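Encoded as structure tokens, the structure appears first; notes follow it.
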Ligand code: HEC
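In the numbering used here, the protein residues as written are 102 to 229.
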């Protein structure tokens with residue numbers, strides 16, 4: 102009886118984690134299709150550009166800055182910096198040229214390329 106229970110419990114745990122992994126993968130694929138970027142490149146790019154010194158970004162090492170808003174749940178936001186609707190091309194524009202979008206705001210232009218912005222945008226849209 103105990104063995105049966107243990108087996109059933111393990112099977113349940115395994116299928117639940119598979120479900121979880123699949124949902125995560127589906128979210129990533131959708132984010133990558135929407136942006137044309139690769140989410141797995143974001144960790145290296147975000148640490149190169151120091152995004153985490155100003156933002157909390159879940160899943161990115163040492164990203165616990167408090168200068169800008171936390172990017173937790175970013176995919177669900179309606180707007181970017183309260184100015185642009187939260188669409189992939191607007192996010193790419195923001196990441197490349199925040200000073201053009203909102204002159205004088207606290208996020209500097211850092212020479213982010215289009216491809217780099219798409220990779221970071223793909224990651225940001227996985228943050229549900
Ligand atoms: C020097 C600090 C600083 C750095 C570095 C920085 N940001 Fe920002 N970021 C800000 C500030 C401040 C805002 C808020 C701007 C506003 O609302 O006017 C912001 C806004 C944003 C937003 C919009 C958030 C929202 O909820 O509307 C995103 C997305 C973002 N930053 C991503 C990044 C990424 C990715 C990087 C690295 C390439 C980065 N930031 C680097 C300070 C920074």
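Virtual Cβ for every residue (Gly too), placed ideally from N, Cα, C. The structure displayed is predicted, hence computed values, not measured ones.
Let's see if you can read the secondary structure: which residues bound the alpha helix (DSSP H) around residue i?
i, result
"residue 149", "143-150"
"residue 113", "103-136"
Output yes or no for whether 7 Å exceeds the beta carbon distance between residue i and residue j.
i, j, result
"residue 151", "residue 164", "no"
"residue 181", "residue 190", "no"
"residue 172", "residue 203", "no"
"residue 132", "residue 226", "yes"
"residue 175", "residue 228", "yes"
"residue 213", "residue 196", "yes"
"residue 137", "residue 155", "no"
Original post:
Which ranges would you report for the alpha helix (DSSP H) in the segment 175-219 if only whole runs of at least 4 residues count?
Top reply: 189-197 and 199-202
**OP:** Please determine if the segment 219-228 and the segment 137-151 are in contact, where contact requires at least 3 C-beta pairs separated by less than 8 Å.
**Re:** yes
Original post:
Taking one C-beta from the segment 193-212 and one from the segment 116-126 each time, how about it: are there three or more such pairs within less than 8 Å?
Top reply: no
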